[in-house]
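See structure below.
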Amino acid sequence: YAQLLITPEGSYFFSDGRYREQADKEVRGCAVRIFVGSTWLEIFAEEISDHGWKTLGIEAAHLNVSTFEEIKKLPSGKGSVDWRPTVSWVEELRVCKDESEKETLRRSSQVVDRVFAALIQELEEGVSEREILRKMMNLLWEEGATGPSFDPIVLFGARSSLPHGKPGDARLNEGDWVLLDFGAVVDGYCSDCTRTFVFGDPDNLQRERHALVHEAQRAGIAAARAGVAGKDADAASRRVLEEAGLAEAFMHGLGHGVGLEIYEAPRLASSSKDVLKSGAVVTVEPGIYIPGWGGIRIEDAVVVGNGDPEPLTFCNHSICPL
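Numbering (this note's numbering), first residue to last: 1013 to 1334.
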């Protein structure tokens, strides 16, 4: 829990007494301001008064209304401050990953590959979604993650039609869909991967639709190059499913950026105004969701470049990985 103020003269890191020792060890290049028995707003006000800053930007997407109203009341040494909400300034700086960041994202993705390979060996008839979730969490820690990058999704059978369903007590049966959507955090960086497959022998319709989603993913990955609009990458993938009569079953965007957060810029969606840049890391995750029958989503993160994107996850895409 902390706030960061960046000025032309220097940067200031605000946090409370619980993080004093951690801040002393980890924060570099900033003046650390620790508050005990007060609030960060009070310490913040002191800095504003001391320096007389007149115009300050603030990250609008990371602030609730009540806190913003309190901030606007803070005086400077010579009157009130002109607070200017900013949108995506920091996020835009984080879009293009440097080589160190890419390597960390590779390691985070490798954890997912190892966990997936081990996890599918735990699948057996009668096991519940919650039981597989528990094993997944244990495997993530055993493989070196500090935790999952988001709440993992484990869904069996027709419940796989829930795009962001919560694992429950449903038990695995022969012929069921298995949808696993999870990621790891390694050195602060997030990975993200989804696989959908059949436990046992898939029928012809399952094979056909799984192949279509995989084809749609390959089309999206091929389009994810520097200079391509996010909406055009989405369209390339979506076209495959539209031509198969499954347009309405694909009900979300194609993907999003990943990095320090699981959801970052750029967006790959029909409404996106983003243009992909070399060095961006994005997910490509088409899916179809049919209530009562099930859902299929296949997701990988890739590094965008001028040529073919670099995939970060390599776990089995097959409808029958067991």
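Positions of the beta carbon are idealized from the N, C-alpha and C atoms, including for glycine. Here the structure is a predicted model, which means the values were calculated and not measured.
For residue i, which of helix, strand or coil comes out of DSSP?
i	result
leucine 1086	coil
aspartate 1094	strand
glutamate 1155	coil
aspartate 1193	strand
glutamate 1273	coil
phenylalanine 1211	coil
alanine 1235	helix
glycine 1029	helix
threonine 1206	strand
valine 1048	coil
aspartate 1188	coil
leucine 1075	coil
leucine 1334	coil
Go through its chain and collect everything with a Cβ distance to residue i's Cβ below 6 Å, but skip five positions before and after it.
i	result
phenylalanine 1128	Cys1327
serine 1120	Ala1196, Val1198, Tyr1201 and Ser1203
glycine 1180	Glu1141
aspartate 1213	none
lysine 1109	Gly1291 and Val1293
valine 1287	Ala1241
threonine 1067	Asp1094
tryptophan 1052	Gln1015 and Phe1026
For residue i, which residues does DSSP report across the bridge?
i	result
tyrosine 1024	Leu1017 and Ala1043
valine 1343	Residue 1343 lies beyond the residue range present for the chain, which begins at 1013 and ends at 1334; the question has no answer from this structure.
alanine 1259	None; alanine 1259 has no bridge partner.
isoleucine 1070	Pro1097
histidine 1268	Arg1279
alanine 1228	According to DSSP, which records beta bridges pairwise, alanine 1228 is partnered with nothing at all.
alanine 1241	Val1287
Output needed for residue i: all residues of its chain with C-beta closer than 7 Å, excluding positions within five of it in sequence on either side, in chain order.
i	result
isoleucine 1055	Phe1026, Arg1045 and Phe1047
phenylalanine 1209	Val1190, Ser1330, Ile1331, Cys1332 and Pro1333
alanine 1281	Gly1242, Lys1243, Asp1246, Gly1265 and Leu1266
phenylalanine 1262	Arg1250, Leu1253, Pro1298, Gly1299 and Ile1300
arginine 1221	Ile1300 and Ile1308
Assuming residue i and residue j make a contact with CB atoms under 8 Å, what is their CB distance in whole Å?
i	j	result
glycine 1269	serine 1249	Not really, about 16 Å apart at Cβ, beyond 8 Å.
leucine 1135	phenylalanine 1211	6 Å
valine 1296	glutamine 1229	6 Å
leucine 1272	arginine 1106	7 Å
glycine 1317	serine 1290	5 Å
glutamate 1137	asparagine 1185	6 Å
Looking only at its own chain, which residues have a Cβ that is under 8 Å from the Cβ of residue i, when we skip the five neighbours before and after it?
i	result
valine 1099	Ala1072 and Ala1073
isoleucine 1070	Phe1080, Ile1083, Trp1095, Arg1096, Pro1097 and Thr1098
serine 1284	Ala1241, Gly1242, Lys1243, Asp1246, Gly1265 and Pro1278
TODO: Note down, one range per segment and in chain order, each beta strand (DSSP E) of at least 3 residues found wholly within the region 1105 to 1182.
DONE: 1165 to 1168
TODO: Report the residue ranges of all beta strand (DSSP E) runs contained in full by the region 1270 to 1330; include only those spanning at least 3 residues, in chain order.
DONE: 1276 to 1280, 1293 to 1296, 1299 to 1302, 1306 to 1309 and 1312 to 1315
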